[in-house]
Amino acid sequence: MESSPVSAESPRSALQIPIVGFLALGIFVADCLIPLGIGMGSLYIVVVVATLPLKNPWGPKIAMLGTMPLVFLGYWASVPGPGYETAMINRWISILCIVITGMMVLKNIKAQQTLQTTKEDLAAKYADRTNELMDQNHAMVNLLGDMEQVKNNLEDKERRLRLLVDAFPSGMLIVD
Numbered sequence: 096m097e098s099s100p101v102s103a104e105s106p107r108s109a110l111q112i113p114i115v116g117f118l119a120l121g122i123f124v125a126d127c128l129i130p131l132g133i134g135m136g137s138l139y140i141v142v143v144v145a146t147l148p149l150k151n152p153w154g155p156k157i158a159m160l161g162t163m164p165l166v167f168l169g170y171w172a173s174v175p176g177p178g179y180e181t182a183m184i185n186r187w188i189s190i191l192c193i194v195i196t197g198m199m200v201l202k203n204i205k206a207q208q209t210l211q212t213t214k215e216d217l218a219a220k221y222a223d224r225t226n227e228l229m230d231q232n233h234a235m236v237n238l239l240g241d242m243e244q245v246k247n248n249l250e251d252k253e254r255r256l257r258l259l260v261d262a263f264p265s266g267m268l269i270v271d
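Residue numbers (the working numbering): 96 to 271.
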């Protein structure tokens, strides 16, 4: 079950969204200021990983789609220098790394959601089983109470029968 990219799960995640955006912007600015031969594009992986605490699959998707154009914009906006071909290969490798990292983050979020669902299911089953056992316990307590009452009745009848037998001056024969 995916939630919309606009809804935040908590005030903390609402704060994390702009932080991730500023992180991407900071990497982009650094990428533009550093000469072209230095592979800055792979730093965008940090932006994708930073969406993990949001626990929302839209976070890494938006981060992946948002950072990919920044990788290529950084290529054209960087300080010119030698090695344009190497820089373009680095950019493509960075895109591949961003996609792989994004897929791993998405799998992690999906696993967390599955784990949470399983935890909730187990909690519900635990509560149901606990209620069932409590009902059985109450039934056993009631049964024990009934058995105690029957035992007391039998002891009372046995006591009265002994008094009756002991009260007769002559012997008697009782046949069941």
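The beta-carbon is built from N, C-alpha and C at its ideal position, and this holds for glycine as well.
**Which of helix, strand or coil DSSP assigns to P130** = Here the question's residue 130 lines up with position 35 in the sequence shown. DSSP places P130 within a strand segment (E or B) once states are collapsed to three.
**Request:** May I ask you to report which of helix, strand or coil DSSP gives T209?
**Result:** The count along the sequence shown starts at 1 and reaches residue 209 at position 114. Helix.
**Item:** Test item: CB-CB of I193 and I140 under 9 Å
**Value:** Residue 193 sits at position 98 when you count from the first residue of the sequence shown. Residue 140 sits at position 45 when you count from the first residue of the sequence shown. Yes, they are a contact pair.
**Message:** By the DSSP assignment, the alpha helix (DSSP H) with G161 in it spans what residues?
**Reply:** The residue given as residue 161 occupies position 66 in the sequence shown. Element bounds for G161: W153 to A172.
**Asked** Going by other Cβ atoms of all chains shown within 10 Å of its Cβ, with 16 needed for buried, is A145 buried or exposed?
**Response** Locating residue 145 in the sequence shown gives position 50, where the first residue counts as 1. With 16 or more Cβ atoms within 10 Å of its Cβ, A145 is classed as buried.
**Request:** Give every residue of the same chain whose Cβ lies closer than 6 Å to the Cβ of P155, excluding the five residues on either side of it in the sequence, and list them in chain order.
**Result:** As a first step, residue 155 must be located in the sequence shown, where it is residue number 60. Cβ within range, chain order: V143, T146, G197, V200 and L201.
**Asked** Where does A145 sit, in a helix, a strand or coil, going by DSSP?
**Response** Walking along the sequence shown from the start, residue 145 turns up at place 50. A145: coil per DSSP, three-state reduction.
**Message:** Could you tell me the alpha carbon to alpha carbon distance between A119 and G169, rounded to whole angstroms?
**Reply:** In the sequence shown, residue 119 corresponds to position 24, counting from 1. In the sequence shown, residue 169 corresponds to position 74, counting from 1. Going from the Cα of A119 to the Cα of G169 covers about 12 Å.
**Prompt:** Helix, strand or coil: which one does DSSP assign to E97?
**Reply:** The residue you call residue 97 lines up with position 2 of the sequence shown. Note that E97 has pLDDT 45, beneath the 50 cutoff, so the model's placement of it is unreliable and the number below is only indicative. Three-state DSSP puts E97 in coil, outside helix and strand.
**Asked** To the nearest angstrom, how far is it from the Cα of E215 to the Cα of P148?
**Response** Within the sequence shown, residue 215 is the residue found at index 120, counting from 1. Within the sequence shown, residue 148 is the residue found at index 53, counting from 1. Distance between the alpha carbons of E215 and P148 is about 20 Å.
**Message:** Does I122 pass the burial test, meaning 16 or more other C-beta atoms within 10 Å, or should it be called exposed?
**Reply:** Within the sequence shown, the letter at position 27 stands for residue 122. Looking at its Cβ environment, which holds 16 or more other Cβ atoms inside 10 Å, I122 is buried.
**Prompt:** Taking just the CA atoms, how far does T213 sit from N248?
**Reply:** Residue mapping note: residue 248 aligns to position 153 of the sequence shown, counting from 1. Residue mapping note: residue 213 aligns to position 118 of the sequence shown, counting from 1. Distance between the alpha carbons of N248 and T213 is about 52 Å.
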